[in-house]
Amino acid sequence: WVTVRAQRSVHEILTAEDIIVRADLEGLGPGTHTVELKAEVARRAVADTQPRQITIRLEEIRSQLVPVVALIPPENEPPTTFTREAPIFSESQVMVRGAASQVQQVVAAQVLLNLRDQRETLETDVRLIPVDAEGNVVQDVTLDPQIVTVTVPIQRRGDLREVSISLDIDFTSITDGYFVEAITYEPQTMLVLGASENLTTISTQPIDLSGRTDDFEAVVPIILPDSSISVLGDPVVTVHFSISAQTITRQFENIEVDLIGLPNTQDVEIAPDRVVVFVTGPQPVVSALTTDDIRVVVDLNAREPGVYELTPQVSIAQIEPSGISINPAVLTVTIPGDVTPEVTPGS
-5 WVTVRAQRSV HEILTAEDII VRADLEGLGP GTHTVELKAE VARRAVADTQ PRQITIRLEE
55 IRSQLVPVVA LIPPENEPPT TFTREAPIFS ESQVMVRGAA SQVQQVVAAQ VLLNLRDQRE
115 TLETDVRLIP VDAEGNVVQD VTLDPQIVTV TVPIQRRGDL REVSISLDID FTSITDGYFV
175 EAITYEPQTM LVLGASENLT TISTQPIDLS GRTDDFEAVV PIILPDSSIS VLGDPVVTVH
235 FSISAQTITR QFENIEVDLI GLPNTQDVEI APDRVVVFVT GPQPVVSALT TDDIRVVVDL
295 NAREPGVYEL TPQVSIAQIE PSGISINPAV LTVTIPGDVT PEVTPGS
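The sequence shown begins at -5 in my numbering and counts up by one.
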């Protein structure tokens, strides 16, 4: 810091911009030096610094040429069906400049290239980065030029073709009452070696759906049309099937309505006493239903004598309530005065 002694009038208007601290480096060569600090005040005042001297290290400014290189990790290479040549730079070398200790660490001016989606020759301007032998960035140096043009020739491989995959599915083998709702599979294309230009699709082995009533996954080999053709990678396809039951609706007529909740129901009148039930659901389940599987009830628990408009309840195993409807939906129930209500505990 700087201590300033001055008259009050000067001190009150003094600002940091009025003070300059100098360290004279004239005549000093590379190495470590102790240099005295001198403070100058633009106004009439006396200044003193603390500390009064500093230790500095001077290094020689050095320049040297380094090669321009490209870094292309395996994951950044072009798609497998394409091949590339070595990158070509507009400048094969660039000048690196800075402190000698930093410059001597620089072994190359590097650029990271990403060719994963590149399917034709790449030509673009890139910014170079100074790196050491370990590939780490070297700080506090400059490159001249810092931006160069790179060209990477890319062309399609003549011996490798990408073909689509066709699934051979026997849809006629599926169990009656069920259908294939959705199909997904991976991979959807494969790379083949030795194929002619006329080959655009390869098929899987036949897929049998016999006995399949739920979603399932199958790993299916592919069939190569010629023994001279080979696949790059695993020659199988993983197929996921979504299987659903076909939905049908059946009408069940003359279903008797049961009364529950009263000890004696023979005198209770219900109109009508039989209903029509519509059932919608999976075909195999609905087709197997009989009237014995359907129970329609009216709960009279805690009902006093009187006339009521009540909604019957239906229960059918394996059928969702949303798939059941009754006609009529409301029944008229008459409880005579001599019928005693049955009250369940807690009601």
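Glycine included, C-beta positions come from ideal geometry on N, C-alpha and C.
- By the criterion of at least three beta-carbon pairs nearer than 8 Å, the stretch 86 to 99 is in contact with the stretch 54 to 64.
- Looking at 328, 309, 326 and 327, the one whose alpha-carbon comes closest to that of residue 319 is 309.
- Between residue 262 and residue 174, the C-beta spacing is not below 8 Å.
- Cβ contact annotation for residue 109 (same chain, cutoff 8 Å, sequence separation greater than five): 66, 70, 71, 72, 78, 116, 146 and 148, in chain order.
- Under DSSP, residue 321 forms a beta bridge with 270.
- In this structure, residue 92 places its C-beta atom within 8 Å of the C-beta atom of residue 136.
- Here residue 187 is exposed. Its C-beta has fewer than 16 other C-beta atoms within 10 Å.
- As computed with DSSP, residue 138 is found in a beta bridge with 89.
- Using a Cβ distance threshold of 8 Å, residue 324 and residue 305 count as a contacting pair.
- Rounded to whole angstroms, the gap between the alpha carbons of residue 143 and residue 86 is 10 Å.
- A check of alpha carbon separations from residue 196 across 185, 211, 206 and 104 identifies 185 as the nearest.
- The C-alpha of residue 294 is placed about 16 Å away from the C-alpha of residue 266.
- Distance between residue 140 and residue 107, taken at the CA atoms: about 16 Å.
- According to the DSSP assignment, residue 281 belongs to no beta strand (DSSP E) but to the alpha helix (DSSP H) extending over 277 to 281.
- By the CB criterion at 8 Å, residue 193 and residue 157 fall inside the cutoff.
- Beta-carbon to beta-carbon, residue 13 and residue -4 are separated by about 6 Å, close enough to satisfy the 8 Å threshold.
- Inter-residue distance for residue 329 and residue 268 is about 18 Å (C-alpha atoms, whole angstroms).
- In the structure shown, the three-state DSSP call for residue 230 is strand.
- Here DSSP, grouped into helix, strand and coil, assigns residue 7 to helix.
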